[in-house]
Structures are given as structure tokens and as C-alpha cells.
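First up is the structure itself, then whatever we jot down about it.
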DNA sequence: TATGAAAACGTCCAAGTTTGTCGCTTTGGT
DNA sequence: ACCAAAGCGACAAACTTGGACGTTTTCATA
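Chains as they are written, first to last, in the working numbering: chain A, 36 to 365; chain B, 36 to 365.
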């Protein structure tokens, strides 16, 4: 029984395919976990485990301290088993994420989606796919593809606080190689941007991940500019949607069309919104919200379905825009 | 060694907490898997396994065929271990899904997000959170909460093709109990809708999941109306965003502002889009897209940043709307 | 309420497995 | 070329496993 636990812990110590761990390293780690075992035992156990098709582990046969790893492309085994509920939720999440995340990011979770598939199939619940639909809220734009090896380096650099060397091709320019000092990742518009400084300059740049041609981890530690905080950097409007009045909260009064009432009742703008009837076809909406560019987009997207009443500033903003739009189409 | 595999398969047979499996059932299933074991052995094994903190399984002590289950609230164990890459991707997915999925749906995956957390913590990579940001594309509306027990019944009913009895409270109406014949789930606007018929009527209804007060599985099998296909039902515009001309593909010509060029280059509208310069501040975009309501939203949301040139029909549609909008604000 | 089938659980013991030890071979670095 | 470290085969002692059997408990049916 004790050995069962040891087997388990051993299997946990072994990393997935690109990485590996040597037999003596496993021994040391097991001893740290208070298993009083011999190297010979560890060797024997590994051979035994790898013989079973349940545990697809293998070693590098030609090196002398043998290095062990899990053979790739297998979806993870898991205890307790994934429930059908979880499997369904995974598939739903996959549907949601599909138009949002670039393929190389999504593919990191492919094993889990496969596991969910298997689970639903073995339960004879295959037909669920025909029973689920998504009505997208956004126009599905094509997410830009990111070179998987670049993504791996960027992930590792951010996690380990290390810089990396990379070739970046700005639009309409020749590719150039820089040493990147990564500060953070920002997702926007189905694209991923690296916020970083370059070489030893101090100005913060935004680099689209899909424009990197290659990347290689360096040994230099990341240096964070004084007072740099990613969320502040975003809030300052560095991602081309400046937050108008520094996150000012406003009391919004909108005259909304009939059909919008339903939507707003179900997914309110804020917890304390109020809706009252104006006439047969219009309702008055009151809500406290933060005056962001996203709010403007949202209001615009309903066209004549929303009329901004207050604050007056915002009404004038939209009135001006309506006038400009009308003139544009003359 | 053979017994290790048996332990593993035994653990796989045990379901999570609300469900359970009796010792004789486990015996039968193991025998089907060609394990020639005695009931006594199974009993002993289960006691042994449950004694280890690694396998939080327990039994119902007062029933006579003892029923075994995994004690809840533990995040799943998995082999091979979740890599840091996967863990990071899970956390990113969580950030994305947070404003999209209702809490009760998201909570089904909580174990995996916790696992990802643990993994990142034990790797001393805790600071990644400060290094990732999301610039939301949409106004974050509050997703409507769904009663977890209702969600469970709806999931089960859909998977097992069974009807259920439920109390539904339509807006401004008294709650009523119906027998629901579920046909499919549709996600729209951060809300989830059940497409279903009621009792033995044949008209297809849409029922918001968050308006169900309770639900209980019934034994009656679902009957699908003739020719009902969920995706067709959605495409027919039953979710209040009718697809204008039956998924007609149009060749779009837009005059777009400078800043939109960047966005469109990175996340194109379609694979064959063309962008050419008109003047210092404007570009011509050509793309073949499907003429959906989402496209209209998208165009509207950029205000004066987009002028529709072709097709003429669409231009006139927006010209008319601009005029109406301008008049509205006079 | 009696009866019987089924499951849980204790104990014994033989068969089988595990594991430390030792010795030999192979490998890689200095 | 040498040495340290790891792989590998063999062996025997120690330990674990698992079937057999008996007793007790529970639940369903007569």
C-alpha cells in the first residue's frame, strides 16, 4: 500500500514530453518526501510502470542517467473521473473560447477537451452537440495565429521573470531582432499583446504576439520600470481605448426601445439599475456605470434603439456624433 | 503490479460525491474487465485506499451494500501533472469566461482552475496574475445567476433525453409548474435559454434558465418535433436577431478610419479581405462576409469610423439610420 | 415475525511480490 | 586512462496480497 503511494508520487514527478527527469533526481525527490528507498527500487519501479499501457512513460535510452518523461499527445488521466457535467461544461467553454483565443493558445487545453469528448462518448451522450448552440454577441473576427514556439517562450519568460531574444516584424517593416524585457500580456480584440521594454530602453512598448517570428529565452532577469503596474498601464488608455474621465462613475439615463428592456432585465448593466415605462414602446433606464469606451460602443451598437438622456455631456456627445454620421452619408 | 492497475481502475469506477457505487457493482465491473478477484479483496482494497489522504473516498456507513464515492470539493488529481503552460492557459480562459458564463456554470470547472492555481503557486510563479490583463471588447453586463440544482437537472435531461418538471417564473408573472420537453440549450447575451416544448403542445418555446425556480427529472423520453434542428431554429432568427437575408454573403466595401486599419489587419473580417489607402486618414476595406445582425452592430459601434459604401442596400440602410438617429437627438 | 440471501468483516496461511544488497557492466567527465 | 555514477541481473529475506471460511449484520420477502 505504501508502495502504491510511492508509485503515484513518482508518476507526479515525471514531466510531460519536452521536459524530463533523471532517475537519481526522482530518487532525491522521493527521499525528500520521506520515502526510504534504494535507487535500484526506483529503477525497477519505473521499468514496471512504463511497461503498462496505462502509464505511457518512456526514457531516453541512450543517455546514462536515464531521463524519464510522459509520452506526449495523450490526454491526461484523472481521478476522480471527469463527470459528464464537467465534460459538458468543457465543451461549452470550448465553443465560447473558439472565436476568442488564438488556436495555439487554445490547443494547450486540447487534452482536456478531448477528455471531455471521450467522457461524453463513452456515456453514450454523443448527441449533446446537436443540442447546444451559441448566438454570438460579436462579429466573429478571425483570431491572429501565434507561432506556438513563440508562445512557449513568452509564457516561460513571464513565469520565470526572464528576458528573451526575438525577431519581430512590425507591419510593413523588415523583421528585426531585439532583446525583449517582458512586463505583461494583454488580451484585446482576439489578439494578444506583450507589454515590454526593448534592450535597455525604458519606454514601454506593445508588441503583438502574432508578429513575432521566433523567440529564445535569455538568462537576463526582467527589470520592471519604476512604478509600472500593468493594470494601471491599461487603465491609462494605452490600448487605444482611453478611459474617458479616469474611470468616472456616471448616472446614466437612457430611453430604450421595447426589445432592450428584456435584455437589460436579464443581464443588467449594474446591480441597482431601474427600469420604468415611458410609453407603449419605450422605457426609461437608470443605472450607475463607469463611463468607458465600451459603454459608448454598446450604446452605438443599438442605433436608434437607445437615446441618451443624461448625463447631458454624454447626450451631446452622441448628438454630435449622430449629426456627423448623418452628414457623412449625405 | 497487476494490483496497481486494479486499484487504478477501481478508483476510476468510483463517481464523485452526489453519486455513488456499491461494492458488488464495483466487483461486477472489475470482473467484466477480466480481473479475477474476490468480493473480499475489493472490500479490503477500498478500505485501504480510503485510508490514504491521497484518495479522499468514503462510503455510506449505514447502508448495507456499502456505497463508495469521492468526497467532494477536492480538485482532481491528474497524471501527467498539469504543466505550467496549461495552468496559465486555464487562468487566461477563466479571465475570459468570467464575464460570459453564469457563476453556476463556471463553478463546474472550479476544480480545474484551482488545480491551475496550485500548480502556479507550487512553481513559485504566483506573480503571473499581475502580468496579465484583458481589455474587454464588450460592455460587461452582469450574467444572470442560475439555480445550480436547476442546471444539474437540465444537463441531465438533455444528456439522457428525458423530460423534467419545473417551476418557471416569466417576467411579471406568477411562477407556474410545467412538464418541459427539452430540445436544446442556446447561449446568448450571457444568458442561457432552453429551447423546449411544454406538456404535449408542439409549439417551440424559449425559456431562460435563470427564471426556473426548481426542476425535477421525469421518466418520460423527449419527443423531438418533426424536422426540428436546433441550429436551423437559431438561423431562422428565433433569437431576436434575425439573420437578414438567410445567411446571404455580400461583398462589403467600407471606408474606414485610420485606427481601424490596424485592428482589421490583425484580426481580419475574413481570409480574403483587401485593404487599400484612400487618403491620409482613410482606407478602403473590401471583404466577403455574411450579412448578419452582428455585422450591423459591429459597424454601428465604430460610429463615424466606418462609412458603408457597398452594397448599396446596406449603405442606404445605414444612411437612413443615421438620419433617424440625428432626428432623434434634435 | 420468521427466514434466507447478500454483504461486511475478522482471521489464517500459502503464494507471490517487493526490496535491499552485491557484483558486474556501461557511460561520461576530468 | 581513470574514476564516479548509473544501469542491470541475481538472490534471498521480509513483507504483502488474496482466497477460503466462519460469524455477524442488514434488508427483502413470505
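C-beta atoms are modelled at their ideal positions from N, C-alpha and C, and glycine is treated no differently.
Keep in mind that this is a model prediction, so the values were computed, not measured.
In the same chain as residue 212 of chain A, and ignoring 5 residues on each side of it, the C-beta atoms closer than 6 Å to its own belong to 202, in chain order. For residue 365 of chain B, the secondary structure class from DSSP, reduced to helix, strand or coil, is coil. Of all residues in the segment 116–128 of chain A, the ones placed with a Cβ closer than 9 Å to any Cβ belonging to chain B are 116, 117, 118, 119, 120, 121, 123, 124, 125, 127, 128, in chain order. Residue 364 of chain B is positioned such that its CB atom lies no closer than 8 Å to that of residue 120 of chain A. As the crow flies, the alpha-carbon of residue 248 of chain B is around 14 Å from that of residue 214 of chain B. For chain B, the residues of the segment 101–117 of chain A that bring a beta carbon within less than 9 Å of one of its beta carbons are 104, 105, 109, 111, 112, 113, 114, 115, 116, 117, in chain order. Put simply, the segment 65–84 of chain B does not touch the segment 78–96 of chain A. Fewer than three CB pairs are less than 8 Å apart. Within the same chain, 74, 77 come within 6 Å of residue 62 of chain B by CB-CB distance, once the 5 residues on both sides are set aside. For the options A:41, A:313, A:103, the alpha carbon positioned closest to that of residue 50 of chain A is the one of A:103. For residue 76 of chain A, the closest Cβ of chain B is not nearer than 8 Å. Residue 323 of chain B and residue 171 of chain B have their C-alpha atoms roughly 26 Å apart.
Classified as exposed, residue 256 of chain B has fewer than 16 neighbouring CB atoms from the shown chains inside 10 Å of its CB. Straight across, the Cα-Cα distance linking residue 345 of chain B with residue 300 of chain B is about 20 Å. Listed in chain order, the beta strand (DSSP E) elements of length 3 or more contained wholly in the segment 283–365 of chain B are 284–292, 309–314, 317–325, 341–345. When DSSP reads this structure, residue 223 of chain B sits in a beta bridge with A:170, B:226. Think of a sphere of 7 Å around the beta carbon of residue 243 of chain B: the chain A residues whose beta carbon falls inside it are 301, in chain order. Relative to residue 118 of chain A, the option among B:136, B:60, B:54, B:165 whose CA is nearest is B:54. Bridge pairing for residue 261 of chain B: absent [DSSP]. At a cut-off of 8 Å, the C-beta of residue 197 of chain A has no neighbouring C-beta in chain B. Near chain B, meaning a CB-to-CB distance below 7 Å, the residues of the segment 338–349 of chain A are 338, 339, 342. Assigned with DSSP and collapsed to three states, residue 161 of chain A falls in helix.
Interface annotation, residue 317 of chain A: not in contact with chain B, CB-CB separation never under 8 Å. The three-state reading of DSSP puts residue 203 of chain A in strand, counting E and B together. Annotation note: the segment 45–70 of chain A contains the following uninterrupted alpha helix (DSSP H) runs of length 4 or greater, listed N- to C-terminal: 58–67. Cβ-Cβ distances below 7 Å link residue 107 of chain A to 51, 52 in the same chain, with the five nearest sequence neighbours on each side left out; the list follows chain order. For residue 87 of chain A, the closest of B:129, B:67, B:40 by C-alpha to C-alpha distance is B:40. Cβ-Cβ distances below 6 Å link residue 287 of chain A to 322, 324 in the same chain, with the five nearest sequence neighbours on each side left out; the list follows chain order. Within chain A, the residues 364 have their CB atoms less than 7 Å from the CB of residue 354 of chain B, given in chain order.
With a threshold of 8 Å between beta carbons, residue 47 of chain B makes contact with chain A.
Of all residues in the segment 78–91 of chain A, the ones placed with a Cβ closer than 7 Å to any Cβ belonging to chain B are 83, 87, 89, in chain order.
At a cut-off of 8 Å between C-beta atoms, residue 183 of chain A does not count as an interface residue with respect to chain B. For the segment 198–214 of chain B, residues whose beta-carbon sits nearer than 7 Å to a beta-carbon of chain A comprise 206. Beta-carbon to beta-carbon, residue 240 of chain B and residue 231 of chain B are separated by about 6 Å, close enough to satisfy the 8 Å threshold. Taking a Cβ-Cβ cut-off of 7 Å, residue 253 of chain A has no neighbours in chain B, whose nearest Cβ is about 17 Å from it. Chain-ordered listing is empty here: chain A has no CB closer than 7 Å to the CB of residue 311 of chain B, the nearest sitting near 13 Å. Three or more Cβ pairs drawn from the segment 327–339 of chain B and the segment 332–341 of chain A lie within less than 8 Å of each other, which places the two stretches in contact.
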